[in-house]
Amino acid sequence: MFQNNDPSLPLECPPKVELKPLPANLKYIFLGENETLPNIIASDLEEGQEKKLIEVLKIHRKNFQVHDKVWLFNSRLSVFSGKLKSRWDGPYTVVKAYDNGAVIILDPKTGQSFTVNGQRD
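Here UniProt numbering is used: position 16 in the sequence shown is 16, and no number is missing along the way.
Following this line, the structure appears as structure tokens:
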């Protein structure tokens, strides 16, 4: 559980994290420059599989850049029913991107900016 959710904190000074006990089939790994970002993986992976998974996770960690155009997913939004339902809104412009994944985006229509998490799938 995060003690401090300030998005301006750099990864060198990550928030203090209380790691919860995991079931026997899961274990923690740590990513990031100083191995400070906890992630959960299956504990029954062979050593080679685990190394490959960690390598892939490090490669695919992408950060947003300032001036990127992004779309915002709103799981509560229900514009149309059925096939025409769209939960994506945008485009928005990235104003600031933090190392921890938080992103400040600007709505060009209203001029309003707000902070969102920067998860990419």
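The beta carbon of each residue, even a glycine, is placed where N, CA and C say it ideally should be.
Locate the alpha helix (DSSP H) running through residue i, then write down its first and last residues.
{"i": "Leu-45", "result": "No alpha helix (DSSP H) holds Leu-45; DSSP gives it neither H nor E."}
Does the Cβ-Cβ distance between residue i and residue j come in under 8 Å?
{"i": "Glu-97", "j": "Val-66", "result": "Before going further, note that residue 97 is Ala rather than Glu in the sequence given. Yes; because the gap between Cβ atoms is below 8 Å, this pair is in contact."}
{"i": "Leu-38", "j": "Val-17", "result": "Going by the sequence as given, residue 38 is Pro instead of Leu. Contact: yes."}
{"i": "Lys-58", "j": "Leu-31", "result": "yes"}
{"i": "Val-94", "j": "Asp-68", "result": "yes"}
{"i": "Asp-89", "j": "Leu-72", "result": "yes"}
Within 10 Å of its beta-carbon, does residue i have 16 or more other beta-carbons around it, so buried, or fewer, so exposed?
{"i": "Ile-105", "result": "buried"}
{"i": "Asn-100", "result": "buried"}
{"i": "Tyr-28", "result": "exposed"}
Starting from residue i and walking both ways along the beta strand (DSSP E), at which residues does that stretch end?
{"i": "Pro-23", "result": "Counting along the chain, Pro-23 falls outside any beta strand (DSSP E), and DSSP gives it neither H nor E."}
{"i": "Phe-114", "result": "113-117"}
{"i": "Tyr-92", "result": "88-97"}
{"i": "Phe-73", "result": "69-73"}
{"i": "Val-17", "result": "Neither: Val-17 is in no beta strand (DSSP E) and is coded neither H nor E."}
To which residues does DSSP link residue i through a beta bridge?
{"i": "Pro-38", "result": "Phe-30"}
{"i": "Leu-106", "result": "Thr-93, Ser-113"}
Could you tell me if the beta carbon of residue i falls within a distance shorter than 7 Å of some heavy atom in the ligand NAD?
{"i": "Ala-102", "result": "This structure lacks the ligand NAD; in fact it carries no ligand of any kind."}
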